[in-house]
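The structure under discussion appears below in the form of structure tokens.
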Amino acid sequence: GREALLPSAADAITVGDQFACALLLTDQVFCWGEGTGFQLASHDILSEPTPVEVTGLPAGDLVAIEAAGRGTCVLSAAGERYCWGHSEEGQLGIAPLDQLEPAPPVAFSGPVLEVLLARPEYDGVLCARMMDGTVECAGDATIVNATTPIGARGLFEPYHYHLTTPTTMPLLSDVLELSLGNSFACARTSVDVQCWGDNSNRQLGQGGTGTTDIYVPTPVMGLGTIDQVATGGYFACISTAGTVHCWGDNIS
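For the sequence shown, my numbering assigns the number 1260 to the initial residue and increments by one for each residue that follows.
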């Protein structure tokens, strides 16, 4: 591959679908790569082989950046979230429109600890882990597979439709860590790990050979308190006391 030359050192780099963005130590953001999904915030849909600065962001104090399929979000120290990119179905929480430049911040209901985008999704889901242990999400979280043929249910139970603004997930609380896979999610609480969504590869950790989807957060069998949880496309892993355990898709 080729080097991406940035004007100063990067604090964080995040990669989406054929594009990347960097948050510099100077609190500037630069993006490059595929641009046809509005993901470069360059006021155009042209692709850019070299990093281009994202304008329209608040001056200073940006603390995090996250890219997914065709969208990117940054989080300020004040808890404001600015997003741009593909949001046809509201997955960036900025109303059902594509964004050529950073959208004005849409306030969550309270202080935000972390913003996550579902990386494997072509369209995507945006969720925020809140200071009080709750979770707010937006986007298209419906599941279409053998056990959910009409795609009317998914990650946002009890909501069965797209959410165009961040909405509290009423079945989640005491969330210390959240990880989004491909149409499934796992949350670490103070007492267990809960997973829900697509179970086609038994990635929800329920044991046995069943692959029926589960729409409500359900404790993973055989686990109590752990140190960390992470998800891939169709698998999940946890670490506890220096030991890693995984379940789900093992093809690769």
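Beta carbons: idealized from backbone N, C-alpha and C, even for Gly.
Per DSSP, reduced to three states, the secondary structure at F1443 is strand.
Residue pairing by DSSP puts G1330 in a beta bridge opposite G1344. The beta-bridge partner set that DSSP reports for L1375 consists of C1386. Under DSSP, the beta-bridge partners assigned to I1324 are V1333.
Of all alpha-carbon atoms in A1337, G1491, A1326 and A1263, the one lying nearest the alpha-carbon of P1310 is that of A1263. In this structure, DSSP gives V1313 a state outside helix and strand, which the three-state scheme calls coil.
Close CB contacts of L1430 within its chain, under the 7 Å cut and outside five residues either way in sequence, are with E1416, V1475 and P1476 (chain order). The residues C1454, V1479, M1480, A1495 and W1506, in chain order, have a CB closer than 7 Å to that of G1464 in the same chain once the five nearest residues on each side in sequence are set aside. L1321 places its beta carbon less than 8 Å from that of S1335.
C-alpha of I1272 to C-alpha of G1440: approximately 20 Å in a straight line. E1307 sits in a strand when the DSSP states are folded into three classes. Its Cα nearest to that of Q1487, the residue E1436 stands out among E1436, N1460, V1450 and Y1493.
L1414 places its beta carbon 8 Å or farther from that of R1388. In the three-state DSSP reduction, T1393 falls in the coil class, being neither helix nor strand.
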